[in-house]
Amino acid sequence: MANKYMDTDLLDRAIIFAVKAHHNTERRGKGFPYIVHLMEAVEIVATITPDQELLAAAVLHDTIEDTDVTLEDIRRDFGNRVASLVETESDQPAEDLHEAESWHERKQASIDKLSKASRDAKIVALGDKLSNMRAIYRDYVTKGDSLWQIFHVTDKSAHEWRYRKLAEAFSDLSDTFAYKEFVELIDKVFCK
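Residue numbers (this note's numbering): 8 to 199.
Here's what the structure looks like:
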């Protein structure tokens, strides 16, 4: 049986770009290369759409937030749509504040932005957030409430607030398996 041809040139380039951008970077507290998270985000997005620009944005979603890559680098190499999707998914750092001090403000701004975002942007963001929620659930099962100590903000209720608000922001994706899994994991971790 022959495989159906799918043009993956854009995604392939984005994966190589992300591997280079995140080279030698470990996923915080996980003991594995950062690229594993990005590939999981791509896999989640692929359960919703085959759109190569959304898949590319999923693998690139942390490049401007966590590496020296700029939004203009993404725009130049992958186009306006991918750059816009990556920008929507990226936290904007608060100047002159420690990460923990600006956490609630940054997360609220991100939730507000995602609430108003396009369905495409929400799909990319859901890929990231579901990957994060899967990791949180795995750690919660083995570590319990001590897992919150690896975060800049260690208050479990703050994380619950964030993830439940994200679920509200993503509610127009409620017809997807990824959204249903996201909500199920939130309920398991935060015991509601």
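We treat Cβ as the ideally placed atom computed from N, Cα and C, and that holds for glycine. What you are looking at is a predicted structure, and each value in this text was computed from that prediction instead of being measured.
- Under DSSP, Pro40 takes part in a beta bridge, and its partners are Glu33.
- Per the coordinates, the alpha-carbon of Glu47 lies some 25 Å from the alpha-carbon of Gln115.
- Taking each of Glu50, Ala28, Arg34, Gln59 in turn and checking the Cα distance to Thr15, the smallest one comes out for Gln59.
- Contact between Val76 and Ala28 holds: CB atoms are separated by about 5 Å, below the 8 Å threshold.
- Taking C-alpha positions only, Pro57 is separated from Ile143 by approximately 27 Å.
- Gly134 counts as buried, since no fewer than 16 other beta carbons sit within 10 angstroms of its beta carbon.
- At the C-beta level, Thr161 and Ile55 stay beyond 7 Å of one another.
- The Cβ atoms of Leu137 and Ile51 lie closer than 7 Å to each other.
- In this structure, Ala63 lies away from Ala124, with their beta-carbon atoms at least 7 Å apart.
- Around the C-beta of His68, 16 or more other C-beta atoms lie within 10 Å, and the residue is accordingly described as buried.
- Here Arg169 is buried, its C-beta having at least 16 other C-beta atoms within 10 Å.
- In this structure, DSSP gives Asn10 a state outside helix and strand, which the three-state scheme calls coil.
- Burial check for Val93: the Cβ neighbour count within 10 Å reaches 16 or more, so the residue is buried.
- Secondary structure at Gly86: coil, using DSSP grouped into helix, strand and coil.
- In this structure, DSSP gives Thr149 a helical state, which the three-state scheme calls helix.
- Looking at Lys37, Glu33, Phe24, Val49, the one whose alpha-carbon comes closest to that of Thr149 is Lys37.
- Annotated as proximal: Val131 and Glu96, with beta-carbon spacing under 7 Å.
- Inter-residue distance for Leu180 and Lys129 is about 8 Å (C-alpha atoms, whole angstroms).
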